[in-house]
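Numbering (this note's numbering), first residue to last: 20 to 91.
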């Protein structure tokens with residue numbers, strides 16, 4: 020998971036605010052209102068960011084898992 024998140028960060032340099040919102044709300048469990056205030060977003064934007072990053076992260080994890088299983 021952490022490797023996938025690192026890859027996502029490197030690939031999404033222009034979306035740092037979105038990634039920060041995901042990390043704060045999705046990984047650290049911060050309330051959406053706090054995350055919104057910290058990231059300069061609305062609460063709805065925090066939920067959208069979390070959903071988008073989760074979907075992209077799942078895809079990266081799947082790719083990494085497939086590559087690992089091929090090497091075995």
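Even for Gly, the Cβ is constructed at its ideal location relative to N, Cα and C.
Treat the numbers as computed from the prediction; the structure is a model and nothing was measured.
Give me the Cβ distance between residue i and residue j, rounded to the nearest whole Å; I'm assuming they're in contact under 8 Å.
i          : j          : result
residue 55 : residue 61 : 6 Å
residue 80 : residue 38 : Residue 80 to residue 38, Cβ: 15 Å. No contact.
residue 28 : residue 83 : Rounded, the Cβ-Cβ distance is 14 Å, inconsistent with contact.
What's the gap between the Cα of residue i and the Cα of residue j?
i          : j          : result
residue 78 : residue 40 : 19 Å
residue 20 : residue 58 : 23 Å
residue 47 : residue 65 : 14 Å
residue 88 : residue 76 : 18 Å
residue 49 : residue 70 : 15 Å
residue 36 : residue 86 : 29 Å
residue 24 : residue 42 : 10 Å
With burial defined as no fewer than 16 other Cβ atoms inside 10 Å of the residue's Cβ, what is the status of residue i: buried or exposed?
i           : result
residue 44  : buried
residue 100 : Only positions 20 to 91 of the chain appear in this structure, which leaves residue 100 out of reach.
Can a CB atom of chain B be found closer than 8 Å to the CB of residue i?
i          : result
residue 31 : The structure shown contains no chain B; it is built from a single protein chain.
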